[in-house]
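Residue 147 in numbering that gives the first Met the number 0 sits at position 148 of the sequence shown; the count goes up by one each step and never skips. Glycine included, each C-beta is placed from N, C-alpha and C at the ideal position. Only a predicted model underlies this, so the values are computations on that prediction, with no experimental measurement involved. Notes follow the structure.
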Amino acid sequence: MTITVVGAGYVGLVTAAVFSDLGNKVYCVDVDEKKIEDLKKGKVPFFEPSLSEYLERNIKEKRLFFTKSYSDSVSKSQTIFICVGTPSKENGEADLTYLFSAVEETAKNLSGYTLITIKSTIPIGYEDDLEATVKKHAKAKFEFAASPEFLREGTAIEDTLHPDRIVIGTHSKKAEKILLELHAPISGERITCDMRSAQLVKYGSNALLATKVSFANAISILCEKMETDVTKVMEGIGADKRIGNAFLYPGVGYGGSCLPKDVLAFIAQASRFDYDFELLRAVDAINDLQVERFVNKIRRILNAAEDKKNNLYGFEIAILGLAFKPNTDDMRDAPSIKIINRLLNLKANVTAFDPQSMINAKRILPQISYAKDVYRAIEGKHAMIIVTEWPEFSQIDLSKAKKLLKKPNIVDGRNIFDPHKAKVAGFKYIGVGR
Ligand code: UDX
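As structure tokens, then:
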């Protein structure tokens, strides 16, 4: 089948990589000329394990093409996947500017029956507007479907090839058949439904994942107050098969390109449908609180009064981990940004290290220093702060770290160290919920 993927972001590139690797001819269109030129040379604009190998292989085999031109791609395709971003507006609602412009450009170039499948996360209630936009510009017959994407950054290819489920939302039997055929080589349960339900599956899934994380974070607060260990408590809770242990790890809060924005967008669209999603407002509030509590732990370990302004003046702090999670260089809505900005407000001096995201971080946080590795980051500092659980951080040699640090303080936002071992190694240690 010939496919056009509109949008060369995370979802678009992974979709293009996987469908071309499965033997389809795939065009990937993006309005960003530089990005397209780089991609033609196999240069991926972000870090994602094995994605560049997939792209290179399929470019070489002449199954994958990058272009700025809708006319060169859409008109030759039977199926279009719309994979453009739907970022948050100030009020939390999803900004659909890119979506409508991508759909309009697609419509102008349709030739023959074409299925337009929306992979972007879009709020419920815009189906008629999308249909009207295409009708206004299209000369050919078309149908719509929604097939939301559930890939996680860091494991995107694996998640796309072996998803738990493939959700296909459309009123058209023909469209459903096309998408079922296209996904035939991919494993996972098939869930077929109408377009709105498919969109709700996406929002509901991300909202429930965020709810699990905030629940774990709320329990961690209680564990701190009750002097118990959240690790054991969550292990016990997650061992119930009905609950499961995934997404029950407390930390510095959820971040990334999806969970924070989708929770806010879901609250906003619920409100348009006259429902106050109080549960999700609490989920969002707990996520913010977790950052504030984390910064207070840093103040506490440094014996800096929590109620005084500017009271981290003169303190040198090493932040380990900037990306919103390991195995990505993505800084979108990373908790590190809020934590570091708060520390800077309190007049601390911050040095950071991250194995992948420092180039991106420098654009967002130009005021701090960056170190070449963990040990250079912590040298002469008053505290070592873990924000992202990169696997190499749990291999840190604690006795070497103690010699390098000015003060043996660890605030561990991801519970990567054993508190007992840290104490035996001579550290003052504060984790999350233990
Ligand atoms: C998420 C969804 O998992 C994916 O299905 C959707 O398509 C896009 O959004 P992603 O943004 O890549 O994927 O990150 P994910 O692995 O879900 O983690 C989200 C955030 O939650 C991270 O900041 C992570 O550190 C945090 N998290 C996750 C926790 O704090 N605790 C956990 O137990 C799990």
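- The beta carbon of L247 sits closer than 7 Å to at least one heavy atom of the ligand UDX.
- In this structure, N57 keeps its C-beta atom at 8 Å or more from the C-beta atom of A106.
- With a contact defined as Cβ atoms closer than 8 Å, H161 and G187 qualify at about 7 Å.
- Nearest C-alpha to K140 among I115, G22, D158: I115.
- The C-alpha of F143 is placed about 10 Å away from the C-alpha of D127.
- Separation of K118 and E104 (C-alpha to C-alpha, rounded to the nearest whole angstrom) is 16 Å.
- Around the C-beta of F272, fewer than 16 other C-beta atoms lie within 10 Å, and the residue is accordingly described as exposed.
- Counting C-beta pairs closer than 8 Å gives fewer than three between the segment 18-26 and the segment 83-100, which falls short of the contact rule.
- The DSSP assignment places complete alpha helix (DSSP H) segments of no fewer than 4 residues inside the segment 35-100 at 50-59, 69-72, in order along the chain.
- Within 10 angstroms of the beta-carbon of V423 lie fewer than 16 other beta-carbons, which makes it exposed.
- Counting every other CB atom within 10 Å of its CB across the protein chains shown gives H381 a total of 16 or more, marking it as buried.
- Of all alpha-carbon atoms in K172, D71, F392, the one lying nearest the alpha-carbon of D417 is that of F392.
- The three-state secondary structure of I297, taken from DSSP, is helix.
- Annotation for G250 indicates a beta carbon within 7 Å of some heavy atom of the ligand UDX.
- Fully contained in the segment 0-25 are the following alpha helix (DSSP H) runs of length 4 or more, in chain order: 9-20.
- Put simply, the segment 317-325 touches the segment 344-358. At least three CB pairs are less than 8 Å apart.
- Not one heavy atom of the ligand UDX falls within 7 Å of the beta-carbon of A360.
- DSSP, read as helix, strand or coil, puts Y125 in coil.
- Taken through DSSP and simplified to helix, strand or coil, I156 comes out as helix.
- Annotation for V102 indicates a beta carbon at 7 Å or more from all heavy atoms of the ligand UDX.
- The shortest C-alpha to C-alpha distance from P390 to any of G379, N414, I429 is the one to N414.
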